[in-house]
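This report refers to the structure that appears directly beneath it.
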Amino acid sequence: MFAEWPLLSLTVWTPILGGIAVLLTGDKGDANGMRRLALVVSVVTFILSLGLYTGFDTSTSDMQFVEKYEWISVFNIFYHMGVDGISMPLIILTTFTTILVILAGWEVIKKKPSQYMAAFLIMEGLMVGVFSALDSIFFYVFWEGMLVPMFILIGVWGGERRVYATIKFFIYTFIGSVFMLVALIYMYYQGGSFSILDMHQLKLSMDEQILIFFAFLMAFAVKVPMWPVHTWLPDAHVEAPTGGSVILAAIMLKIGGYGFLRFSLPITPDASHALDWLIIFMSLVAVVYIGFVALVQKDMKKLVAYSSIAHMGFVTLGIFVIFQIWENPANTDQTGAVLAIEGAMIQMISHGFISGALFLMIGVLYDRMHTRNITDYGGVVNTMPIFAAFAVFFAMANAGLPGTSGFVGEFMVIIASFKANFWYAFLGATTLILGAAYTLWMVKRVFYGEIANENVRALKDINAREFFIMATLAVAVLALGLWPAPVVDVMHATIENLLQHVAQSKL
349 MFAEWPLLSL TVWTPILGGI AVLLTGDKGD ANGMRRLALV VSVVTFILSL
399 GLYTGFDTST SDMQFVEKYE WISVFNIFYH MGVDGISMPL IILTTFTTIL
449 VILAGWEVIK KKPSQYMAAF LIMEGLMVGV FSALDSIFFY VFWEGMLVPM
499 FILIGVWGGE RRVYATIKFF IYTFIGSVFM LVALIYMYYQ GGSFSILDMH
549 QLKLSMDEQI LIFFAFLMAF AVKVPMWPVH TWLPDAHVEA PTGGSVILAA
599 IMLKIGGYGF LRFSLPITPD ASHALDWLII FMSLVAVVYI GFVALVQKDM
649 KKLVAYSSIA HMGFVTLGIF VIFQIWENPA NTDQTGAVLA IEGAMIQMIS
699 HGFISGALFL MIGVLYDRMH TRNITDYGGV VNTMPIFAAF AVFFAMANAG
749 LPGTSGFVGE FMVIIASFKA NFWYAFLGAT TLILGAAYTL WMVKRVFYGE
799 IANENVRALK DINAREFFIM ATLAVAVLAL GLWPAPVVDV MHATIENLLQ
849 HVAQSKL
């Protein structure tokens with residue numbers, strides 16, 4: 349049924365055009381009508397994206413739902429899109445999260461609500477474009493374009509230091525992107541095509557691969573973000589509105605991991621192999637060192653921001669540990685490498701659910717108390733018992749509780765890392781201790797004990813809208829934690845094909 353539809357174009361352009369429509373309604377008319385329009389657009393986009401899942405053939409690694417039209421013929425640039433097992437789950441995550449962000453800002457955004465809703469819808473379409481573009485210039489347009497709505501969201505609806513945070517966010521991400529563009533142009537002149545799939549087939553020398561690898565690293569490491577180019581993230585999170593923090597953590601960080609899988613591994617396999625030690629080192633520093641940094645944070649948002657950096661360290665560890673798994677003579681097949689990449693992908697999806705939930709949880713408290721300092725809270729469970737139950741659940745998921753999605757991806761990466769080197773697995777596993785320490789420390793200080801002050805005593809429990817958002821995310825975290833097979837099955841053939849390509853491409 350869906351195979352004949354231009355599903356990818358519909359999924360990209362429906363939220364963009366819908367966002368423009370919401371923007372044109374303005375704030376002078378029916379505000380609730382504008383909000384309902386934004387919600388309808390986000391729900392329709394999600395339904396369209398579900399067509400990708402229901403129509404996806406898990407038995408093949410080929411690109412599906414492919415659309416290709418001539419765009420800029422003089423440079424051989426095409427409007428070219430398609431999805432595989434790597435991009436499709438991330439598209440579903442994007443459209444799912446956008447609905448919750450629209451609902452989360454339903455009542456609390458009083459300043460220019462139409463522009464706020466429109467920014468998220470337009471950004472949704474641009475992010476789906478990033479995950480589905482098969483022409484590298486088309487990809488780059490979406491990659492750069494999505495920075496603009498986030499820049500506006502932080503700059504207009506952010507906190508007191510929002511200008512500083514937006515400038516830092518833009519400079520970090522834009523500079524990294526310039527290096528990537530140079531690499532894409534160089535490969536165009538080598539192969540005569542901007543097609544990402546054609547770039548996978550380029551025969552590049554080791555020197556060329558190393559330079560291109562570092563160009564990609566500049567762009568993707570900032571986006572993840574990896575240590576030591578992570579410092580923009582805590583500032584951006586602290587100053588961003590709640591919805592901005594959710595999209596930043598749940599979706600935009602994943603674009604860095606996606607970039608490594610779509611560009612770095614297949615285009616520069618030998619450089620990735622030669623420099624895997626560097627990425628593994630940076631990943632383990634993120635897991636261990638940033639975990640300790642999270643322990644000393646007093647601002648809840650900043651704590652969860654540093655937690656995101658630590659958890660994303662598992663993603664890059666899983667992606668680049670594959671080469672050392674292959675080098676271990678005890679491993680005679682690529683099962684361990686498949687486990688590592690699939691673990692990284694599950695970690696990205698899981699972190700999207702959990703980090704989004706934690707930032708929404710902090711947003712609920714901030715909307716009521718207008719403070720994120722842990723010391724301003726205490727005993728919240730006495731006045732908000734339902735909300736506290738959700739908060740404890742998401743905190744345990746963030747700490748990697750078995751049965752939740754937070755456990756699955758990290759466990760897969762740890763097991764795969766053990767096949768490469770015991771110490772990689774040991775250092776990676778420290779996140780299970782550090783994650784429990786900083787997350788449960790925050791929960792204890794905020795939710796348990798006696799009521800700390802009159803502001804806490806006056807708190808009201810979550811309403812039906814907030815309950816729906818939290819319950820939806822809780823179901824998602826449990827479903828992925830207890831039954832990850834529907835996601836793993838989608839990506840399995842694509843990841844096996846990627847690993848086969850990387851192994852065969854080595855010089």
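Residue numbers (the working numbering): 349 to 855.
Note that beta-carbon positions come from the ideal geometry of N, C-alpha and C, so glycine has one too.
Quick caveat, the model's predicted, so the values are computed rather than measured.
DSSP beta-bridge partners of residue i
i	result
Phe662	Phe662 pairs with nothing; no bridge assigned.
Gln848	Per DSSP, none; premise fails for Gln848.
Met528	In the DSSP output, where bridge partners are listed per residue, Met528 has none listed.
Lys416	His428
Ser655	DSSP output for Ser655 lists no bridge partner at all.
Ala481	Met429
Ser543	Asp483
Asn721	Asp647
Beta-carbon gap between residue i and residue j smaller than 8 angstroms
i	j	result
Asp647	Arg720	yes
Ala569	Ser703	no
Ile440	Ile364	no
Gln557	Thr521	no
Gln695	Val663	yes
Val686	Ile434	no
Ala634	Gly661	yes
Ser894	Leu828	Residue coverage of the chain in this structure runs from 349 to 855, which leaves residue 894 outside it and unanswerable.
Leu700	Lys602	For the record, residue 700 in the displayed sequence is Gly; it is not Leu. Contact flag set, yes.
Met554	Ala619	yes
Ser525	Ala584	no
Ala785	Leu623	no
Thr779	Gly639	yes
Trp353	Gly381	no
Met436	Phe404	yes
Glu587	Arg509	yes
Close-in-space but distant-in-sequence residues of the same chain around residue i (CB under 6 angstroms, 5 per side omitted)
i	result
Ala387	Checking the sequence shown, residue 387 turns out to be Leu, not Ala. Within the same chain, Leu387 has close Cβ partners Ile450.
Gln682	Leu847
Leu807	Arg716, Thr731, Met732
Val476	Thr359, Val360, Ile439, Thr442
Thr787	Ala743, Asn746, Ala747
Gly366	Val389, Leu469
Pro573	Leu581
Met349	The pLDDT assigned to Met349 is 47, lower than 50, so where the model puts this residue is not dependable; a value taken from the coordinates is nonetheless given after this. Taken in chain order, the list of residues that qualify is empty.
Reduced DSSP category for residue i - H, G, I as helix; E, B as strand; rest coil
i	result
Lys459	coil
Ser765	helix
Val577	coil
Thr616	coil
Trp505	helix
Ala588	coil
Lys808	coil
Thr514	helix
Gly493	helix
Trp674	helix
Ala404	Inspection of the sequence shows that residue 404 is occupied by Phe rather than by Ala. Coil.
Tyr796	coil
Asn730	helix
Met411	coil
Gly607	helix
Pro437	helix
Asn746	helix
Lys551	coil
Leu365	helix
Asn801	coil
Residues near residue i by beta carbon distance below 7 angstroms, same chain, minus five either side
i	result
Leu371	Ser462, Gln463, Ala466
Ile871	What the structure shows of the chain is the stretch from 349 to 855, and residue 871 is not part of that stretch, so it cannot be assessed.
Whole-number beta carbon distance between residue j and residue i, since they are thought to touch under 8 angstroms
i	j	result
Phe413	Val431	6 angstroms
Phe490	Ile544	Contact doesn't hold; Cβ gap of about 13 angstroms is too wide.
Phe815	Ile734	7 angstroms
Val756	Ser698	7 angstroms
Gly540	Leu550	With a Cβ gap of about 10 angstroms, Gly540 and Leu550 do not count as contacting.
Glu418	Leu356	About 17 angstroms separates the two Cβ atoms, so there is no contact after all.
Phe479	Tyr654	Incorrect: roughly 26 angstroms between the Cβ atoms, too far for contact.
Gly726	Ala800	3 angstroms
Val652	Phe707	6 angstroms
Leu565	Val850	Incorrect: roughly 17 angstroms between the Cβ atoms, too far for contact.
Asp809	Thr406	Not quite, the Cβ-Cβ distance comes to about 42 angstroms (not below 8 angstroms), so this is no contact.
His338	Phe671	Since the displayed the chain opens at 349 and closes at 855, residue 338 lies outside it and no answer follows.
Val636	Ala692	No, Val636 and Ala692 are not in contact; Cβ-Cβ is about 18 angstroms, not under 8 angstroms.
beta-carbon residue i near the ligand COA non-hydrogen atom, thresh 7 angstroms
i	result
Glu492	Because no ligand of any kind appears in the structure shown, any question about the ligand COA cannot be addressed here.
Chain-order list of residues whose beta-carbon lies under 8 angstroms from that of residue i (same chain, five-residue window excluded)
i	result
Val511	Gly503
Ala841	Thr406, Ser407, Thr408, Ser409, Gly433
Asn845	Ser409
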